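Have a look at the structure below before the remarks.
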Amino acid sequence: MQHLLDFIHEHTLEEQLYLTAPSSAGDLELIWQRRVAPDYWQVRPSACEGPAELVRQRDLLSALSARRVDMLKVERELQSIVVTQIAFADMVLRDASALLGSDGVRRAVQGHRVFMSDIQTAVERLVDPSAQCRATISVVAGGGQESAARSGHLRLLPQE
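What follows is the structure, given as C-alpha cells:
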C-alpha cells in the first residue's frame, strides 16, 4: 500500500486530500495539504475541531495500523485517488491530442520519457563510485521550437 501513497505524493495534481479511515475506536480524518506540509498527513478523530497530529508520509500506514484502522478501506480510498488521477491524465491527453494533434503530443511524451531516462542514468553515474565512466550533466541550449520561452536540454558528458 506504500506504493499507492508514494504515487499520490509524487503525482497527484491536488493541492489537498481528505479521507476518513474507519477504526474500532472511531473514524479518523486524514488530511494532506501540499503547500502547508507536503511530507506530513494530519490525523485526528472524525468531526474533531482540535489540532491534528502530524504524521510523516512514510510513517502514516504504520501509525494507522497501530490505531487499528481498517487498512483495506484505506487502501480502497488510496486506489480511488490514484484512479481519479489516471482518468484526469487520460482526459488531458485526449483533449491535447484533439487540440494539438496526436503527433505533437506523442513527440512531447516521448521527449519527456527520454529526458527522464537520461536524468536517471546521469544520477546513477554521478552517485555510483564504481562507475567506469563518471559523468557530468551540462545544459545544452535549445532551439525554442516549442515556444518562445528559452528552452534547453541536458546532455551527459563523460568526465575527463
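Numbering follows our numbering, with no gaps: position 103 of the sequence shown is 103.
Note that the Cβ used here is the ideal one computed from N, Cα and C, for glycine as well.
Note that the coordinates shown come from a computational prediction; the quantities given were computed from them, not determined experimentally.
- [ ] Would you kindly work out how many angstroms separate the C-alpha atoms of S151 and R35, rounded to a whole number?
- [x] Here residue 151 refers to the residue found at position 151 when the sequence shown is read from its first residue. Here residue 35 refers to the residue found at position 35 when the sequence shown is read from its first residue. Residue placement at S151 is poorly supported in this model, since its pLDDT is 46, which falls under 50; the coordinates still yield a value, given next. If you take the alpha carbons of S151 and R35, they lie about 27 Å apart.
TODO: Under 8 Å by Cβ, that's how I've got L5 and L61 pegged, so tell me the actual separation to the nearest angstrom.
DONE: Translated into the one-based positions of the sequence shown, residue 5 becomes position 5. Translated into the one-based positions of the sequence shown, residue 61 becomes position 61. Contact holds; Cβ gap of about 7 Å.
Task: Exposure label - I81; buried when at least 16 CB within 10 Å - done: Start at 1 with the first residue of the sequence shown, and residue 81 comes out as number 81. I81 comes out buried.
Task: For I86 and A96, the rounded distance between their alpha carbons - done: As a position in the sequence shown, residue 96 is number 96, starting the count at 1. As a position in the sequence shown, residue 86 is number 86, starting the count at 1. The straight-line gap from Cα to Cα measures roughly 15 Å.
- [ ] With a cut-off of 8 Å on the beta carbons, I'd call A63 and V55 a contact; round off their distance for me.
- [x] Residue mapping note: residue 63 aligns to position 63 of the sequence shown, counting from 1. Residue mapping note: residue 55 aligns to position 55 of the sequence shown, counting from 1. Indeed, because the Cβ distance is near 5 Å, the residues count as touching under 8 Å.
Task: For A52, the nearest candidate out of Y40, R58, D59 (CA to CA) - done: As a position in the sequence shown, residue 52 is number 52, starting the count at 1. Minimum Cα distance to A52 is reached at Y40.
TODO: Pick helix, strand or coil for T84, following the three-state DSSP scheme.
DONE: Along the sequence shown, read from residue 1 onward, the residue named residue 84 stands at position 84. Of the three classes helix, strand and coil, the one that applies to T84 here is helix, per DSSP.
Open item on the list: Please classify V92 as buried or exposed, where buried requires at least 16 neighbouring CB atoms within 10 angstroms.
Closed with: On the sequence shown, position 92 is the one that residue 92 refers to. Result: exposed.
Open item on the list: As a quick exercise: from V69, L78, Q120, G104, pick the residue whose alpha carbon is nearest that of S23.
Closed with: As a position in the sequence shown, residue 23 is number 23, starting the count at 1. When C-alpha distances from S23 are compared across V69, L78, Q120, G104, the shortest belongs to V69.
Task: Where the beta strand (DSSP E) through Q57 begins and ends - done: Along the sequence shown, one-based indexing puts residue 57 at 57. That residue, Q57, is in no beta strand (DSSP E); it is neither H nor E in DSSP.
TODO: Whole angstroms is fine: what's the gap from S65's alpha carbon to A37's?
DONE: Here the question's residue 65 lines up with position 65 in the sequence shown. Here the question's residue 37 lines up with position 37 in the sequence shown. Rounded to whole angstroms, S65 to A37 spans 22 Å at the Cα level.
Task: Rounded C-alpha distance that separates R67 from A25 - done: In the sequence shown, residue 67 corresponds to position 67, counting from 1. In the sequence shown, residue 25 corresponds to position 25, counting from 1. R67 and A25 have their C-alpha atoms some 8 Å from each other.
Open item on the list: Going by beta-carbon coordinates alone, are V43 and L19 separated by less than 8 Å?
Closed with: Along the sequence shown, one-based indexing puts residue 43 at 43. Along the sequence shown, one-based indexing puts residue 19 at 19. Not a contact, by the Cβ cut-off of 8 Å.
Open item on the list: Here's the rule I'm using: 16 or more other beta-carbon atoms within 10 Å means buried, otherwise exposed. How should A148 be labelled?
Closed with: One-based indexing of the sequence shown puts residue 148 at position 148. Caution is warranted here: a pLDDT of 46 is assigned to A148, below 50, making its placement in the model unreliable, and the coordinate value is therefore given only provisionally. Note on A148: under 16 other CB atoms within 10 angstroms of its CB, so exposed under the neighbour-count rule.
- [ ] Take the Cβ of V74 as the centre, count every other Cβ of all protein chains shown within 10 Å, and call the residue buried at 16 or more, exposed below.
- [x] Within the sequence shown, numbered from 1, the residue matching residue 74 stands at position 74. The residue is buried, with at least 16 neighbouring Cβ atoms inside 10 Å.
Task: Cα-Cα separation, E77 to R58 - done: Against the sequence shown, residue 77 aligns to sequence position 77. Against the sequence shown, residue 58 aligns to sequence position 58. If I take the Cα positions, the gap works out to 17 Å.
Open item on the list: So, for E146: in the same chain, excluding its five sequence neighbours on each side, which residues have a beta-carbon less than 6 Å away from its beta-carbon?
Closed with: The sequence position of residue 146 within the sequence shown is 146, counting from 1. Low confidence applies to E146: its pLDDT is 49, below 50, so where it sits in the model is not reliable enough to give any reading.
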